[in-house]
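What the sequence shown shows, in this note's numbering, is residues 5 to 397, in sequence order.
Note that CB positions come from ideal geometry on N, CA and C, so glycine has one too.
Computed from a prediction, not measured in an experiment: that's the story for all the values here.
Report on one structure; see the data block that follows.
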Amino acid sequence: MLANGRPYLAIPGPSVIPDQVLRAMHRASPNIYTGELHDVTASLIPDLKRVAATEHNVAIYIGNGHAAWEAALVNTLNPGDTVLLLATGRFGHGWAEMARALGIIVEVLEFGMQDAVDLAQTEAALRADTEGRIKAVLAVHVDTSTSIKNDIAGIRAAMDAAGHGALLMADCIASLGCDAFEMDAWGVDVMVAACQKGLMTPPGVAFVYFNDKAAAARVKVERVSMYWDWSPRVAPKEYFQYFAGTAPTHHIYGLRAALDMIADEGLPQVYARHAVLAEAIWAAVETWGVDGPLKLNVADAPHRSHAVTSLEIGAPHGDQLRAWCEETAGLTLGIGLGRSPAAGYFRLGHMGHVNAQMVMGLLGTMDAGLKALDIPHGRGAVEAAALRIAKGA
């Protein structure tokens, strides 16, 4: 009964889609051969670059984040090449699995499911590679399974301190438009992202950003299929080359609306909003955890994402709380991903089109669920969140 009304999908992607984006997509199919669609597509490129803080290239693919993973790999590496994966969650390992399937050798530095990349260990591993076998370092900026946020600029500094010439590849699928990211200033050579999280557009479009160093690596790749090749996508002589075929027409209009929303708010303000809302959630969880099993997965606040929060509560409470929130109150929380037992974990998505009243509703519903299920918890969590929001940015 209490779940009737508009549901709230508080999972770490796909994120809540703004009405402006839905309205932009709710239209008849446009002409793909000439006219407005071509102009709208071209207008996306500078704004996509602005969100990533880069002057370099961005290729657009019809696909999800996994498509971007593959595109990044096949445009820069040959089978038999070696990469170093800095693993801090399930999605880092997923990128590694894809690389292995392409015949790439993957060396893994494992940092577990609660700690960020250790920069000293990274530097040491690269210093040990005296023969230059490692062609690329792969790191996930924010892994949605753990909510760990890695220091991408620090990884570049470690690479430079080691005097290593590998490419730095960053997965910003969960973080772009939520957690601050500066591709050029941080020395990232390849960055992958997708539209369904901080960019507030339904899943189906992915992005691969790359600089001149990565473009030079592309020249050395022995074979890239016509579809995955990023070269014509960033310098199309004909419109169809943007997408190696038919354009994702309605996604283009939706993405245009989403990028307009980001520009209207201002990127610094977008980052500040995400930071305040994340800190409100952390304040609530820390209060609940005083007298109960609920705790933040990441203890070190600077390494917590502003887009997603991974939580541990112990089995079977995670599944019980998720079920109560969805069935009783219309609130969907994210599953525990890559954790065992999965029933003891869950995640909160607070990315993209989210504001203070949504987060306060999320926390109030969770508080009611903890009480309804008799799960031990500290009192005053919603008050703690309210006080953080009251302070503002």
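Cut-off 7 Å between Cβ atoms - residues of its own chain near GLY322, not counting five sequence neighbours on either side: GLY340, ALA347, GLY348, TYR349, PHE350
If ALA198 sits next to GLY69, beta carbons under 8 Å apart, how far is it from one beta carbon to the other, in whole angstroms? 4 Å
Tell me, please, whether the stretch 299-316 touches the stretch 140-152 by the rule of three or more beta-carbon pairs shorter than 8 Å. yes
Nearest-angstrom Cα separation, counted from ALA63 out to ALA71: Approximately 12 Å, taken between the alpha carbons.
Beta-carbon separation (whole angstroms), GLY338 vs PRO16, contact threshold 8 Å: 5 Å
Rounded to whole angstroms, what's the CA-CA distance from CYS329 to HIS168? Just pull it up for me. About 49 Å.
Rounded to the nearest angstrom, what separates ASP164 and ASP304 at their Cα positions? 25 Å
Under 8 Å between the Cβ atoms of ILE285 and VAL358? no
Let me check one thing: in DSSP terms, what residues is ASN398 bridge-paired to? No information on residue 398 is available, as it lies outside the stretch 5 to 397 that the chain covers here.
Residue environment, THR250, which counts as buried when at least 16 other CB atoms sit within 10 Å: exposed
Assigned secondary structure, ALA14 (DSSP; H/G/I helix, E/B strand, else coil): Of the three classes helix, strand and coil, the one that applies to ALA14 here is strand, per DSSP.
Between the stretch 203-212 and the stretch 97-111, can you find at least three pairs of beta-carbon atoms closer than 8 Å? No, they do not touch.
In whole angstroms, what is the alpha-carbon distance linking LEU391 and ARG54? The straight-line gap separating the alpha-carbon atoms of LEU391 and ARG54 is approximately 33 Å.
Any idea which residues DSSP pairs VAL110 with across the strands? VAL87
In chain order, what residues of the same chain lie with their CB nearer than 7 Å to the CB of ASN215, ignoring the 5 residues before and after it? HIS60, ASP193
Let's see if you can read the secondary structure: which residues bound the alpha helix (DSSP H) around GLY353? Per DSSP, GLY353 belongs to no alpha helix (DSSP H); it is in the beta strand (DSSP E), 349-353.
Three-state secondary structure (DSSP) of GLY224: First, the residue type needs correcting, since residue 224 is Lys and not Gly in the sequence shown. Three-state DSSP puts LYS224 in coil, outside helix and strand.
Taking just the CA atoms, how far does ASP155 sit from THR38? 43 Å
Count the other CB atoms within 10 Å of the CB of ALA394; is the residue buried (16 or more) or exposed (fewer)? exposed
Could you say which of ASP85, HIS381, ASP183, THR92 lies nearest to GLU283 if we only look at CA atoms? Cα-wise, what sits closest to GLU283 is ASP183.
What does the alpha-carbon distance come out to for the pair LEU281 and GLN24? 22 Å
Please classify GLY136 as buried or exposed, where buried requires at least 16 other C-beta atoms within 10 Å of its C-beta. Sixteen is the threshold: since fewer than 16 other Cβ atoms of the shown chains lie within 10 Å of the Cβ of GLY136, the residue is exposed.
From this set, LEU366, ALA327, GLY318, which residue's C-alpha is nearest PRO345's C-alpha? GLY318
Which class does ASP23 belong to by DSSP, given the choice of helix, strand or coil? helix
To which residues of the same chain is LEU41 closer than 6 Å at the C-beta, ignoring the five residues directly before and after it? PRO34
Under the three-state reduction of DSSP, which class applies to ILE138: helix, strand or coil? strand
If we ignore side chains and look at the alpha-carbon of each, how far apart do GLU387 and GLY368 end up? Going by the C-alpha atoms only, they are around 10 Å apart.
Cβ neighbours of GLU226 in the same chain (closer than 8 Å, five flanking residues each side left out): Cβ neighbours of GLU226 beyond the five flanking positions: ASN82.
Kindly indicate which residue of TRP73, ALA129, ILE256 has the alpha-carbon position closest to the one of ALA103. TRP73
Cβ-based neighbour list, SER47, same chain, cut-off 7 Å, excluding 5 preceding and 5 following: ARG260
What's the gap between the Cα of ALA56 and the Cα of GLU127? 25 Å
Distance between beta carbons of THR313 and LEU300, contact taken as under 8 Å: 7 Å
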